[in-house]
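J.: The structure is given below, and queries will be raised subsequently.
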Amino acid sequence: MESLRDIRQNIKAIKSTQQIMQTMKMISSARIRKAQESMDNARPFATKMLEMVADLKEEVLAQTDTESEIESGASRFLLNKTGNPNKIGLVVITGDKGLAGSFNAVILRAAVAFLKKHQDKEVFVFCIGKKGRDFINRFHKKNIQIVYSSIGIFPKVTYAHAELLGEAILKEYFERNLGSVTLIYNDFKSRGSQQLREASILPFNALPTVHDKTDDTEFLFEPGVQEIFRILVPRLMKANMYRVLLESQAANLAATMNAMDAASKNAGELVQTLGVKLNKVRQAGITNEILDIVNGAEALNG
Amino acid sequence: MSKTFTLNLITPQRQILQDLPVESIVLPALSGEMGVLAGHIPMVVQLGLGSLRYKQEGIEKEFAVMGGFAEIMHTTVNVFAEGADLAEEIDEEEEKQKIKRAKESLSRKDADIDFELAELEIKQSLARMKVKKRHLN
Chain A
144 MESLRDIRQN IKAIKSTQQI MQTMKMISSA RIRKAQESMD NARPFATKML
194 EMVADLKEEV LAQTDTESEI ESGASRFLLN KTGNPNKIGL VVITGDKGLA
244 GSFNAVILRA AVAFLKKHQD KEVFVFCIGK KGRDFINRFH KKNIQIVYSS
294 IGIFPKVTYA HAELLGEAIL KEYFERNLGS VTLIYNDFKS RGSQQLREAS
344 ILPFNALPTV HDKTDDTEFL FEPGVQEIFR ILVPRLMKAN MYRVLLESQA
394 ANLAATMNAM DAASKNAGEL VQTLGVKLNK VRQAGITNEI LDIVNGAEAL
444 NG
Chain B
18 MSKTFTLNLI TPQRQILQDL PVESIVLPAL SGEMGVLAGH IPMVVQLGLG
68 SLRYKQEGIE KEFAVMGGFA EIMHTTVNVF AEGADLAEEI DEEEEKQKIK
118 RAKESLSRKD ADIDFELAEL EIKQSLARMK VKKRHLN
């Protein structure tokens, strides 16, 4: 049987852990408001720009005439006929720390599934967040290679981080002649829930057409369509990465908040059951003592 | 009352104008300023550094825009700008300070200075000041 002292110590330890968890929860909930705000502010730029590229892609392809333009120009972003289908990119965005429930586990599970599916291909991985990098590092497989990693950017994501990531992705895409780039991250749905997303980000031909273009209006381009796309696509890439990073950041904070909330509730329950146990043990001790005294007295009388 | 169309002005950080009904817009296209009225032919234009002006119920408002793109459609114009500041809110003194600092860091010739960034900052500040001056006149 545990002694009174052991139980008291146990309760104390749990209570101090609970306090840490409560503090972490409060920190997350204070940060989440700001994270949510910057996320909401950044959303329109990326989504509207994606809509524009989706709307224009048909036109760009129609206006791309020569073979050389197809190979070198804007349409590489869109169609990528020349990309090597056996070389693909994967962007994994996780948090730097655990303590966020299933936040990282969900992403890493999806990443494993992706890598299994493409195990006969060369995969070049872009890692944001320590958890993802460490996890991928442990694979030790020849066909998996980390080409870019960035750690410790949460919870202070800026546009500069997105620019670095976007540039790295585009650079590898062209230099290694990747066939496609896929992104795995958690989308912020609400403070209560996140949604795992797996999206193809390059080339753009996977983009859904947003507006129904029944009036088939033709767009003019000033300057030329190739020049515009050459500048527009990197910007879109960065804006989109910015949005994704902010989404992950907010989702991560929300997950931390919920996980810590649940954990400190559990700790509270544990403290309660231990308290009951403590009382029982103490009562048992007292009963034993009384029995001892009574027995002793009776022995004297007898 | 002339015909109106809607204007969206968006930067990576935030949406500045949303579905604003306007009568006319002047955009800082790369090849010179460009006016847009309702029913303009659909177009995608690359923007340089310069002034973006629009009229809403006869009142003109002006922004300093730091490059980007404009998507002109039949009833809507979307402006994707790298940065946009309301002309009235530009502080000339502050811009001068920024230019001074950037020039100083350029003249120091340290290896770890991002020359392109410093030059871009100077260009942007100059453009903002130009817009401010234009706006005051």
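Protein sequences, first through last, are from chains A and B.
Mapping of the first sequence onto this note's numbering: residues 144 to 445, in sequence order.
Mapping of the second sequence onto this note's numbering: residues 18 to 154, in sequence order.
Virtual Cβ for every residue (Gly too), placed ideally from N, Cα, C.
Could you work out which residue in B:119, B:91 and B:109 is closest to residue 132 (chain B) when comparing CA atoms only?
T.: Measuring from the Cα of residue 132 (chain B), the nearest candidate turns out to be B:119.
J.: Count the other CB atoms within 10 Å of the CB of residue 178 (chain A); is the residue buried (16 or more) or exposed (fewer)?
T.: Counting Cβ neighbours within 10 Å, residue 178 (chain A) comes out buried, since at least 16 surround it.
J.: Check whether chain A comes within 8 Å of residue 48 (chain B), counting only Cβ atoms and requiring the distance to be less than that.
T.: Taking Cβ atoms only, chain A reaches closer than 8 Å to residue 48 (chain B), which makes this a yes.
J.: Using a Cβ-Cβ cut-off of less than 7 Å, give me the residues of the region 50-74 of chain B that come near chain D, in sequence order.
T.: In the structure shown, chain D cannot be found, because the protein chains are A and B.
J.: Output needed for residue 101 (chain B): all residues of its chain with C-beta closer than 8 Å, excluding positions within five of it in sequence on either side, in chain order.
T.: Answer for residue 101 (chain B): 26, 28, 33, 69, 80, 81, 82 and 83, listed in chain order.
J.: From which residue to which residue does the beta strand (DSSP E) around residue 272 (chain A) run?
T.: It is not in any beta strand (DSSP E) - residue 272 (chain A) carries neither H nor E in the DSSP assignment.
J.: Under 8 Å, with one C-beta from each stretch per pair, do the region 153-173 of chain A and the region 229-237 of chain A reach the 3-pair mark?
T.: Counting Cβ pairs under 8 Å, fewer than three are found: no touch.
J.: Taking residue 384 (chain A) and residue 309 (chain A) to be in contact with their CB atoms under 8 Å, please state how far apart those CB atoms are, rounded to whole angstroms.
T.: Going by Cβ atoms, the distance from residue 384 (chain A) to residue 309 (chain A) rounds to 5 Å, so yes, they are a contact pair.
J.: My assumption, with CB atoms under 8 Å, is that residue 407 (chain A) sits in contact with residue 168 (chain A). Please give the rounded CB distance.
T.: Between residue 168 (chain A) and residue 407 (chain A) the Cβ distance is about 7 Å, and since that is below 8 Å, they are a contact.
J.: Evaluate the contact criterion for the region 295-304 of chain A versus the region 251-267 of chain A: three or more CB pairs, one atom per stretch, below 8 Å.
T.: Verdict: no, contact absent.
J.: Do you know whose CA, among A:340, A:371, A:401 and A:166, lies nearest residue 328 (chain A)'s CA?
T.: Comparing Cα-Cα distances from residue 328 (chain A) to each of A:340, A:371, A:401 and A:166, the minimum goes to A:340.
J.: Can you give the beta carbon distance from residue 21 (chain B) to residue 40 (chain B), rounded, assuming they're within the 8 Å contact cut?
T.: That belief holds up - the Cβ atoms of residue 21 (chain B) and residue 40 (chain B) are roughly 6 Å apart, short of 8 Å.
J.: Who are the neighbours of residue 145 (chain B) on chain A, taking C-beta pairs under 8 Å?
T.: The contacting residues do not exist; residue 145 (chain B) stays about 19 Å from chain A at best.
J.: Determine, for residue 389 (chain A), whether the minimum Cβ-Cβ distance to residues of chain B falls below 8 Å.
T.: No - not a single Cβ of chain B is within 8 Å of the one on residue 389 (chain A).
J.: By alpha-carbon positions, which one of B:148, B:106 and B:93 ends up nearest to residue 53 (chain B)?
T.: The shortest C-alpha separation from residue 53 (chain B) is found at B:93.
J.: By how many angstroms is the C-alpha of residue 152 (chain B) removed from the C-alpha of residue 166 (chain A)?
T.: Near 51 Å, if we compare the C-alpha coordinates of residue 152 (chain B) and residue 166 (chain A).
J.: What do you get for residue 228 (chain A), buried or exposed, if any count of 16 or more other CB atoms within 10 angstroms of its CB means buried?
T.: The residue is exposed, with fewer than 16 neighbouring Cβ atoms inside 10 Å.
J.: Can the beta-carbon of residue 89 (chain B) be found less than 8 Å from the beta-carbon of residue 60 (chain B)?
T.: Cβ atoms of residue 89 (chain B) and residue 60 (chain B): closer than 8 Å.
J.: Going along the chain, which residues of its own chain have a beta-carbon closer than 7 Å to the beta-carbon of residue 386 (chain A), five neighbours each way excluded?
T.: Cβ within range, chain order: 185, 186 and 189.
J.: Find the nearest neighbour of residue 95 (chain B) within the set B:36, B:31, B:75 and B:74, judged by alpha-carbon distance.
T.: Here the closest residue by C-alpha is B:36.
J.: If you drop the 5 nearest sequence neighbours on each side, which residues of the same chain put their C-beta closer than 7 Å to that of residue 393 (chain A)?
T.: Counting only Cβ-Cβ distances below 7 Å, and skipping sequence neighbours, we find 175, 178, 179, 182 and 331.
J.: On the CB-based measure, 16 or more other CB atoms within 10 Å of its CB, does residue 284 (chain A) come out buried or exposed?
T.: Its Cβ having fewer than 16 others within 10 Å, residue 284 (chain A) is exposed.
J.: Counting C-beta neighbours from all protein chains within 10 Å, is the total for residue 437 (chain A) 16 or more, i.e. buried, or is it exposed?
T.: Residue 437 (chain A) comes out exposed.
J.: At a CB-CB cut-off below 7 Å, which residues of chain B make contact with residue 366 (chain A)?
T.: Under the 7 Å cutoff, chain B gives 47 and 63.
J.: Of all the CB atoms in chain B, is at least one closer than 8 Å to the CB of residue 377 (chain A)?
T.: No, residue 377 (chain A) does not count as interfacial toward chain B.
J.: CA-CA distance, residue 245 (chain A) and residue 293 (chain A)?
T.: Answer to the nearest angstrom: the Cα atoms are 21 Å apart.
J.: Quick one: grab the DSSP three-state call for residue 264 (chain A).
T.: Reduced to three states, the DSSP call for residue 264 (chain A) is coil.
J.: Residue 27 (chain B) touches chain A at which residues, Cβ-Cβ below 7 Å?
T.: Here the neighbours are 187, 188 and 191.
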